[in-house]
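Visitor:
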Amino acid sequence: MTTLKAKLQDDLNAAIKERDELRSSTLRLTLAAVTKEEVAGKTKRELSDDEVQKVIAKEAKKRREAADAFTQGGRAEQAERERAEGEILDAYLPKQLSDEELEAVVAGAVEEAKAAGAEGPRAMGAVMKIVNPKVAGQAEGGRVAAVVKKLLAG
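So for the sequence shown, the working numbering puts the first residue at 1308; every next one is plus one.
1) Leaving out the 5 sequence neighbours to the left and right, which residues in its chain are closer than 6 angstroms to residue 1342 when beta-carbon positions are compared?
2) For residue 1354, which of 1401, 1440, 1339 has the nearest alpha-carbon?
3) Got a sec? Which residues, its chain only, sit under 7 angstroms from residue 1334 by beta carbon, not counting five neighbours each side?
4) Only counting the same chain, and skipping five residues up and downstream in sequence, which positions put a Cβ closer than 7 angstroms to that of residue 1331?
5) Among residues of its own chain, excluding the 5 on either side of residue 1383, which ones have a beta-carbon nearer than 8 angstroms to its beta-carbon?
6) Assess, as a yes-or-no matter, whether the region 1379 to 1394 is touched by the region 1428 to 1439 under the definition of 3 or more beta carbon pairs within less than 8 angstroms.
7) How should residue 1455 be labelled, buried or exposed, when 16 other C-beta atoms within 10 angstroms of its C-beta is the threshold for buried?
8) Grab me the residues of residue 1396's own chain with a C-beta within less than 7 angstroms of its C-beta, minus the 5 sequence neighbours each way, in chain order.
9) Measure from the alpha carbon of residue 1360 to the alpha carbon of each residue in 1312, 1346, 1422, then state which is nearest.
10) So, helix, strand or coil for residue 1432, using DSSP?
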């Protein structure tokens, strides 16, 4: 078992013993998503820590999107629960880049792409190819794309 998956399992056991319903249900759902990913495809396989981290990130994103949907639907109580679950999952993810840090990384990539001959809005793909490996797991794709568009337009 990978170390991150084992940590999730240990934290789940601790949450159950402490009767922490929110934490235990969140970790149960996350472990179920990890297991589902492990058995997807033709053969069962063990996920690496990076793959487990991607599953956790996907689950956290689902929580944020659900919280937004509940807020728009006027269901503040459910939105608050989804946000709380998202915060629990965020503890297992690497620290997210601040807007300033992300902008600095993207600015460097834009310069790199311009040096390679890519100009204007069409350079988006080239810049994203440079930026994505550098910020993997530290910034969501939507945030990265928005900053890239802003810097290419400006």
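All residues carry an ideal CB built from backbone N, CA and C; glycine is no exception. Owing to the predicted nature of the structure, the values given are computational and were not obtained by experimental measurement.
Guide: Taking the geometry as given:
1) none
2) 1339
3) 1315, 1318, 1319, 1322
4) So the qualifying residues of the chain are 1319, 1322, 1323.
5) 1377
6) no
7) Residue 1455 is buried by the Cβ-count criterion.
8) 1333, 1337, 1363, 1366, 1367, 1370
9) Taking only the C-alpha atoms, the option nearest residue 1360 is 1312.
10) helix
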